[in-house]
Amino acid sequence: MEKLRVHSGHKLFGSLKACSSKNALLPILAGSVLSEGEVTLYSVPNFIDIQKMIEILKSLGAKVTKFGDIIFIDSKNIDRFFVSHELGKDIRGSIVFLGALISRFKKACVSYPGGCNIGSRPIDLHLKGLKALGVKIVEEHGYLYCDGKDMKPTTFTFEKQSVGATQNLILASVMLNGKTTLKNCAKEPEVVDLANFLNRMGAKVCGAGTSQITIYGVEKLKSVNYQVIGDRIVAGTYLTAAAITGGDVEICNISPKYLFSVLKKLAYCGCNVVTKNDKIRLTATNRCKALQSITTGVFPKFPTDMQSAFLSLMAVSNGRCKIYERLFDGRFKQVPDLVKMGAKIDVNCNFASVFGVEKLSGADVSATDLRAGAGLVLAGLNADGYTTIDNVHYIDRGYDHIERDLSILGAEIERIE
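Take a look at the structure:
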C-alpha cells in the first residue's frame, strides 16, 4: 500500500494549472455512449474514478483510445446495457450510466453504485425521476433492471436538489420525442458542463445552471471535441493549502465564479485573493483568522467537498469556528486523526466546533475517503515533523498525484511504499 509523507515548514509559491473536473468528466464519459460518432476529450487527468469509468465504457462495447491526456471514445458499436457490480461497486459516478443507457437502448441493468463512505447517499431521486418518465424499474439482487420502452416526456420536480439525479434525468431525456421539463434542478457547474457537452453534440438542453431545465428531444447526437471545465475542488484545495502554509500561489484554468463562496471565506480569513479571467491568486502573509461559522450547501453555497480542507485550515487558525455539515452525515471522519495531530475539535453529529491551535504535530494517519484524505495532507503541511498518510488510493480518486502538484508549489511531500 502506498503512502504519502509530508514534512512541514515550507511556504507555497508559484503557479499551477487546475486539472479537468472529475465530477464533470464522469457524467460526460457516460454521455459519450449517446454519440453516433466519436467523442474526443482533452486534458483528461489520470484519476482512478476516470479509469473505472473507461473500464465500464469498454465493457459496454465502446472503443476507447488514450494518447497522453486526450481520450477518443467510439461508441457506435456499443451493444450492451449492463454495468456489473464488479465495475460499479467502487465508484459513485457509475449511476449516471443508468440515464445514458436507457436513453440509447430504452433499457438498462446497472448495479447499485459504490464510492466513498461519507454517510447516506440514496439514489431515490434518480429512480423517482426515471419512473416519472415512464421507466419501469425492478430492484433485485443489488441491480436496477430498467425498462424504458414506454418512456415519454414529462414535467418532474425534484424533492431536493441533486447533482447526480439532475444529470441522470438530462441524459435520459435528450433523445425522447418531445419536451421534458425538470424543476428544482441542481445548479452546479458540472451540470452546466454536461449540458454544454450534449448541446455540442446536437442536443437541445436549455436552462442548465438555473432551477429549471428544459430538454427538447432530438433523434441523434453527433461527434464532438470537448474540453471539460477545470476542477473547482482541486483548485480550492491548493488555494487552502497556500492559506495554511502561507505564501503566494496562482491557480489557472478555473473560473473564479465556480469558487465564489470558497474565495469569500478565504478572504475573511485574512488572505489576499485576486481573480482575473481563469486565474485565482492567493497571498497569505500571516496566520489565518478563524471564521465564525461554515455551513455547507448546494451550489452556490459552500461546497461539502471543500469542508474537509477547511476543517484542517480552521484547526490551525486563530480563534474558534463552528462547522455545520448539511449534506452528508459522514464528513467528519478525519477528526480523530486531526486530534491525534494536536487539533482541538469537538464533534456532535453533523456539527463540529474547532478551536484553532498554532501548530499541529506530525503523526501516522489514515485517509478514510477522498476529501478527508486531502484534508489530512493539508494538515501535514502545517505539522511539526513528518506526517504519513496511508490509504492513498482514496486521494487518488480525485487528485492526479497530489504530491506532484504540491511539490511544484514548494511543498516537501513524497509518495512512499
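Using our numbering, you'd call the opening residue of the sequence shown number 71 and step up by one each time.
C-beta atoms are modelled at their ideal positions from N, C-alpha and C, and glycine is treated no differently.
Bear in mind that the values here come from a model prediction, so they are computed numbers and not experimental data.
State the beta-bridge partners of residue i as determined by DSSP.
i, result
"residue 208", "215"
"residue 226", "252"
"residue 237", "None; residue 237 has no bridge partner."
"residue 489", "The shown model of the chain, from 71 to 487, leaves out residue 489, and the question about it has no answer."
"residue 353", "318 and 342"
"residue 179", "152 and 215"
"residue 106", "Per DSSP, none; premise fails for residue 106."
"residue 295", "110"
"residue 143", "109 and 134"
"residue 75", "458 and 484"
"residue 366", "372"
"residue 158", "Looking at the DSSP assignment, residue 158 forms no beta bridge with any residue, so it has no partner."
"residue 82", "317"
"residue 87", "322"
"residue 359", "388"
"residue 300", "90"
To which residues of the same chain is residue i closer than 6 Å at the C-beta, ignoring the five residues directly before and after it?
i, result
"residue 191", "Residue placement at residue 191 cannot be trusted, given a pLDDT of 49 that sits under 50; what the coordinates show is reported in the next sentence. Around residue 191: no qualifying Cβ."
"residue 139", "113 and 114"
"residue 128", "134"
"residue 351", "320 and 344"
"residue 366", "372, 374, 377, 395, 396 and 397"
"residue 215", "179 and 208"
"residue 100", "166, 167 and 170"
"residue 368", "231"
"residue 72", "462 and 485"
"residue 290", "106"
For residue i, which residues of its own chain have a beta-carbon under 7 Å away from its beta-carbon, when the five flanking residues on both sides are left out?
i, result
"residue 451", "76, 78, 311, 314, 315 and 481"
"residue 229", "195"
"residue 144", "108, 132 and 133"
"residue 224", "202, 203 and 250"
"residue 301", "88, 89, 90, 91 and 92"
"residue 474", "none"
Do you know how far the Cα of residue j is from the Cα of residue i?
i, j, result
"residue 131", "residue 109", "15 Å"
"residue 200", "residue 98", "19 Å"
"residue 396", "residue 390", "19 Å"
"residue 336", "residue 444", "18 Å"
"residue 453", "residue 376", "20 Å"
"residue 94", "residue 251", "22 Å"
"residue 174", "residue 142", "19 Å"
"residue 172", "residue 126", "15 Å"
"residue 346", "residue 326", "8 Å"
"residue 262", "residue 455", "43 Å"
"residue 118", "residue 356", "36 Å"
"residue 436", "residue 165", "28 Å"
"residue 392", "residue 401", "14 Å"
"residue 232", "residue 304", "21 Å"
"residue 468", "residue 457", "20 Å"
"residue 148", "residue 432", "50 Å"
"residue 441", "residue 222", "39 Å"
"residue 234", "residue 364", "24 Å"
"residue 332", "residue 267", "26 Å"
"residue 448", "residue 421", "21 Å"
For residue i, I'd like the list of residues in its chain whose CB is within less than 8 Å of its CB, leaving aside the five on either flank, ordered along the chain.
i, result
"residue 317", "81, 82, 83, 353, 354, 479 and 480"
"residue 492", "As displayed, the chain neither begins before 71 nor continues past 487, which places residue 492 out of reach and without an answer."
"residue 157", "122, 125, 126, 129, 164 and 181"
"residue 120", "92, 95, 96, 99 and 114"
"residue 212", "155, 181 and 182"
"residue 330", "370"
When you measure from the CB of residue i to every non-hydrogen atom of the ligand NAP, does any distance come out below 7 Å?
i, result
"residue 381", "No copy of the ligand NAP appears in this structure; indeed no ligand is present at all."
Checklist entry - Are there three or more Cβ pairs, one per stretch, closer than 8 Å when the stretch 239 to 246 is compared with the stretch 72 to 79? => result no
Checklist entry - Mind pulling the beta strand (DSSP E) runs of 3 or more residues that sit fully within the stretch 370 to 458? => result 390 to 394, 414 to 418, 421 to 425 and 434 to 436
Checklist entry - Are there three or more Cβ pairs, one per stretch, closer than 8 Å when the stretch 467 to 483 is compared with the stretch 83 to 95? => result yes
Item to check | Any 3 or more C-beta pairs closer than 8 Å across the stretch 168 to 178 and the stretch 205 to 219 | outcome: yes
Checklist entry - Between the stretch 373 to 385 and the stretch 265 to 281, do at least 3 Cβ pairs fall closer than 8 Å? => result no
Checklist entry - Between the stretch 406 to 416 and the stretch 273 to 288, are three or more C-beta pairs nearer than 8 Å? => result no
Item to check | Inter-stretch contact at 8 Å, needing at least 3 Cβ pairs: the stretch 280 to 292 / the stretch 251 to 264 | outcome: yes
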